[in-house]
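Numbering (the numbering used here), first residue to last: 585 to 739.
Each residue gets a CB set at the ideal place from its N, CA and C atoms; glycine is no exception.
All of these numbers come straight from a predicted model, not from anything done at the bench.
See structure below.
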């Protein structure tokens with residue numbers, strides 16, 4: 585096993601298939617999700633919704649929500665959703681593409697990301713993600729994320 589592979593986590597708590605918000609919360613500790621106070625609001629076969637507060641740690645020098653933080657939220661919600669119903673002991677999603685357009689700025693409050701499946705195959709899943717300012721409902725960013733399902737390496 586390479587040093588890089590040794591850093592890969594096994595599915596938490598021995599669980600290998602995740603379908604509920606409670607299941608996915610097992611993945612939160614010691615991740616960017618936890619550090620940035622992201623919350624999974626809902627998840628099902630076709631979509632997932634996450635929120636993230638706008639904090640000083642996520643602002644750029646002009647006081648706006650940093651675009652990279654928005655992309656982190658978008659990739660997180662898509663990658664989590666890519667795990668839905670998948671036996672993670674056999675394969676797991678890895679992000680291979682992300683692109684986005686920021687269409688409006690945000691300075692405070694909470695942002696809400698909604699990921700919906702565009703296409704799912706045995707080897708790839710593509711999501712559209714829209715990020716909104718939760719209070720006003722204004723669209724902030726639109727993204728597309730592609731995840732590849734990588735075979736899990738045997739122990």
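- Boundaries of the alpha helix (DSSP H) harbouring residue 618: 616-619, taken from the DSSP string.
- Counting along the chain, the unbroken alpha helix (DSSP H) around residue 656 starts and ends at 651-666.
- Take the alpha-carbon of residue 674 and the one of residue 696: they are about 31 Å apart.
- Proximity to residue 728 across 689, 706, 703 and 684 peaks at 684, based on C-alpha coordinates.
- By the criterion of a C-beta distance shorter than 7 Å, residue 707 is surrounded in its chain by 732 and 733, once the five residues flanking it on both sides are discounted.
- Around the CB of residue 654, 16 or more other CB atoms lie within 10 Å, so the residue is classed as buried.
- For the beta strand (DSSP E) assignment, the uninterrupted runs of no fewer than 3 residues enclosed by the region 695-734 are, from N- to C-terminal side, 708-717.
- Here residue 681 carries a strand assignment [DSSP, helix/strand/coil].
- Separation of residue 647 and residue 737 (C-alpha to C-alpha, rounded to the nearest whole angstrom) is 43 Å.
- By a beta-carbon distance limit of 8 Å, residue 713 does not contact residue 701. Their separation comes to about 11 Å.
- Residue 606 sits in a helix when the DSSP states are folded into three classes.
- In this chain, the beta strand (DSSP E) harbouring residue 637 covers 631-637.
- Counting only the Cα atoms, residue 659 lies some 14 Å from residue 686.
- Rounded to the nearest whole angstrom, the CA to CA distance from residue 716 to residue 611 is 24 Å.
- C-alpha of residue 633 to C-alpha of residue 617: approximately 13 Å in a straight line.
- Residue 629 has its alpha-carbon roughly 19 Å from the corresponding atom of residue 657.
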